[in-house]
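Down below is the structure, laid out as structure tokens.
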């Protein structure tokens, strides 16, 4: 059993990678690769922060609001801490929260979407109602509410963000499942006695799972902004942990005197969110043949 | 002697936004072991729904009442889990559109793995391949096709593979829902030869669902004619084709093109809307012999003559 499953999966991953390679010279392929590179660079920065950062992020190393230059390429903030070091350390929180929360929302949205789409009926209507109400609610507002209810902490923010993004997985997966389950090959498998679990995992899931990378990366980009928003508002982070959103909230009132302490954290939020959007949009172009076909005549230049 | 498949008073309804559709209305059917029953009728008369109802693989908005007894076991009382062990093992179904019946993301080999492992979870890989090759030989498909994806094969080849998948466990009943409709005549003849050969080899009964009267005439032992969700006439093939009794059967048999006169007859009108509660004989608006009683009472099938013929028509019940 194990070898049989493994074989199917490697070939699927292989096909996906092959697709990326084929498209790596098109605009979409470039966007994906550039996005992935930037995200990896920031991830590297976060993981090796203790070795890369020139100073401790939480100690005063110079006069407050020293302009960029010399040992402080991004200057110091109003407490005299090195902005560059805080940015390097500050990459950890957003990445951790976004990683955990997107995985969490995927593991809520995917199974519920499969169940809801496959079962149909009353359960489906109930789940759609719940998910749609969550989806209709403004994301940041909902995250603030949840964060305020369950209290501070990195884990809690992750949960708050996961709740906000679970409906996107649910909706896409559920709708795709309810159309794929009517495919004749699904009926044929049922007629041959393949159990429901097997029908879902081998006849429905492989088809609907093509949506996951796209939603994953687009949600991640959005989640970065939500996370920054939450920490900017001072919700959820215990003191002493460097974080881009939090740093902006500490320094923005002094923008006229020390723009660098606000500008650089903001720039990095922008870079990370843009890189993730590149990955998402690029994947969408590559994995969604309809979009690709529509773009083709333009790219070909008739 | 009890038949392999007995259908008693089977009705199927579908809940739709427009209301309840009565797709099948009080159908009785019997299929003895090793024989072929042809189920004929116009598009939308419920033939395919009947086949699916027997396997109980109706769409989720479908509901059925009545009993289906297969090999002495009452399927209508079985749980889904138990039914699953019968599907594909004791009774199987092949469909009219082989092009779309195989999972496009899976190799042919994996379809065989899936079907076999669904019924025998602990079967060895080597055994799966061996048994797959054996049934593929039965349907005359070269074994190297196992490594291919469905899109690499022709329609006829895919239908053979569907048949091979159905034959893995030598089912005693094969429901063939227009198995050759989308195939050309040469492939059709080959598939029919194949089915005939397999029937005699495995003592398999076939429920042949089709609108092709020629196919039924040469293939079926017995014929049931369906109209608007009811079986309106049922008889052995030869007597039915020689002397059709029901006005609809008469019209249906005349609707075959006559090569000498080049004349093509068609039954006037169109089948009734199955939405809502049926009343009276469903064939009434198209019938040339309609009587007063036909407007209010739906005729039930009654035995007519000596050959086990059953006809649902007031005309014959008076005589």
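Residue numbers (the working numbering), protein chains in the order written: chain A, 7 to 308; chain B, 3 to 321. Each residue gets a CB set at the ideal place from its N, CA and C atoms; glycine is no exception. The structure presented is a predicted model; accordingly, all values stated were derived computationally and were not measured.
Chain B contact for residue i (CB, 9 Å cutoff)
i	result
residue 212 (chain A)	yes
residue 200 (chain A)	yes
residue 196 (chain A)	yes
residue 180 (chain A)	no
residue 190 (chain A)	yes
residue 204 (chain A)	yes
Span separating the alpha-carbon of residue i from that of residue j
i	j	result
residue 306 (chain A)	residue 39 (chain A)	Unreliable placement is indicated for residue 306 (chain A), whose pLDDT of 39 sits below 50; the coordinate value is still reported in the next sentence. Their Cα atoms are separated by approximately 21 Å.
residue 254 (chain A)	residue 236 (chain A)	12 Å
residue 86 (chain A)	residue 240 (chain A)	20 Å
residue 250 (chain B)	residue 269 (chain B)	8 Å
residue 158 (chain A)	residue 41 (chain A)	31 Å
residue 143 (chain A)	residue 151 (chain A)	11 Å
residue 174 (chain A)	residue 138 (chain A)	9 Å
residue 171 (chain A)	residue 115 (chain A)	8 Å
residue 261 (chain B)	residue 121 (chain B)	50 Å
residue 228 (chain A)	residue 103 (chain A)	12 Å
residue 119 (chain B)	residue 70 (chain B)	27 Å
residue 168 (chain B)	residue 121 (chain A)	28 Å
residue 4 (chain B)	residue 10 (chain B)	13 Å
residue 282 (chain B)	residue 301 (chain B)	8 Å
residue 72 (chain B)	residue 173 (chain B)	12 Å
residue 257 (chain B)	residue 117 (chain A)	52 Å
residue 100 (chain A)	residue 56 (chain A)	17 Å
residue 165 (chain A)	residue 63 (chain A)	27 Å
residue 203 (chain A)	residue 146 (chain A)	36 Å
residue 116 (chain B)	residue 211 (chain B)	26 Å
residue 162 (chain A)	residue 224 (chain A)	22 Å
residue 89 (chain A)	residue 110 (chain A)	31 Å
residue 280 (chain A)	residue 36 (chain A)	14 Å
residue 58 (chain A)	residue 220 (chain A)	32 Å
Run of the alpha helix (DSSP H) containing residue i, from where it starts to where it stops
i	result
residue 213 (chain B)	Residue 213 (chain B) -> no alpha helix (DSSP H), and no H or E assigned at all.
residue 195 (chain A)	190 to 197
residue 201 (chain B)	187 to 204
residue 235 (chain B)	No alpha helix (DSSP H) holds residue 235 (chain B); the beta strand (DSSP E) holding it covers 232 to 238.
residue 224 (chain B)	It is not in any alpha helix (DSSP H) - residue 224 (chain B) instead sits in the beta strand (DSSP E) that spans 224 to 229.
residue 150 (chain B)	Segment: none, residue 150 (chain B) is in no alpha helix (DSSP H) and carries neither H nor E.
residue 182 (chain A)	160 to 186
Continuous beta strand (DSSP E) stretch holding residue i: start and end
i	result
residue 315 (chain A)	This structure leaves residue 315 (chain A) out entirely; chain A is present only between 7 and 308.
residue 11 (chain B)	7 to 18
residue 69 (chain B)	64 to 72
residue 176 (chain B)	175 to 179
residue 38 (chain B)	38 to 42
residue 158 (chain B)	Looking at the DSSP string, residue 158 (chain B) is not in any beta strand (DSSP E); the run it does join, the alpha helix (DSSP H), is 157 to 169.
residue 172 (chain B)	Segment: none, residue 172 (chain B) is in no beta strand (DSSP E) and carries neither H nor E.
Residues that residue i contacts on chain A, provided the C-beta gap is smaller than 8 Å
i	result
residue 62 (chain B)	126, 127
residue 278 (chain B)	Those within 8 Å of residue 278 (chain B) in chain A number zero; the least Cβ separation is about 23 Å.
residue 102 (chain B)	189, 190, 191
residue 90 (chain B)	197, 198, 199, 200
Residues that residue i contacts on chain B, provided the C-beta gap is smaller than 9 Å
i	result
residue 208 (chain A)	105, 107, 108, 112, 116
Any non-hydrogen atom of the ligand PLP closer than 8 Å to residue i Cβ
i	result
residue 140 (chain A)	With respect to the ligand PLP, the structure offers nothing, as it holds no ligand at all.
Residue i: contacting residues in chain E (beta-carbon distance under 7 Å)
i	result
residue 193 (chain A)	No chain E is part of this structure, whose protein chains are labelled A and B.
Beta carbon proximity, residue i to chain A, threshold 9 Å
i	result
residue 94 (chain B)	yes
residue 48 (chain B)	no
residue 86 (chain B)	yes
residue 97 (chain B)	yes
residue 164 (chain B)	yes
residue 294 (chain B)	no
residue 157 (chain B)	no
residue 154 (chain B)	no
residue 82 (chain B)	yes
residue 121 (chain B)	yes
Within chain A, the residues that residue i reaches when beta carbons sit closer than 9 Å
i	result
residue 167 (chain B)	194, 198
Partners in chain A for residue i, counting only beta-carbon separations shorter than 7 Å
i	result
residue 268 (chain B)	The contacting residues do not exist; residue 268 (chain B) stays about 30 Å from chain A at best.
Are three or more beta carbon pairs between the segment 96 to 109 of chain B and the segment 183 to 198 of chain A nearer than 8 Å? yes
Mind the definition here: the segment 89 to 103 of chain A touches the segment 241 to 251 of chain A only if three or more C-beta pairs lie below 8 Å; say whether that holds. yes
Within 8 Å, do at least three Cβ pairs link the segment 188 to 208 of chain B to the segment 233 to 240 of chain B? no
Are the segment 274 to 288 of chain B and the segment 216 to 224 of chain B in contact at 8 Å, needing three or more beta carbon pairs? no
Touch test, the segment 18 to 36 of chain B against the segment 279 to 289 of chain A, Cβ-Cβ under 8 Å, three pairs minimum: no
With a cut-off of 8 Å, do at least 3 Cβ pairs link the segment 129 to 136 of chain A to the segment 191 to 209 of chain A? no
Given 8 Å, three or more beta-carbon pairs between the segment 66 to 74 of chain A and the segment 262 to 270 of chain A: yes
Would you call the segment 179 to 193 of chain B in contact with the segment 122 to 140 of chain B, where contact means no fewer than 3 C-beta pairs closer than 8 Å? no
Taking contact to mean 3 or more Cβ pairs, one atom from each stretch, closer than 8 Å, check whether the segment 151 to 161 of chain B and the segment 67 to 83 of chain B are in contact. no
Okay, do the segment 107 to 116 of chain B and the segment 38 to 48 of chain B touch, 3+ Cβ pairs below 8 Å being the bar? no
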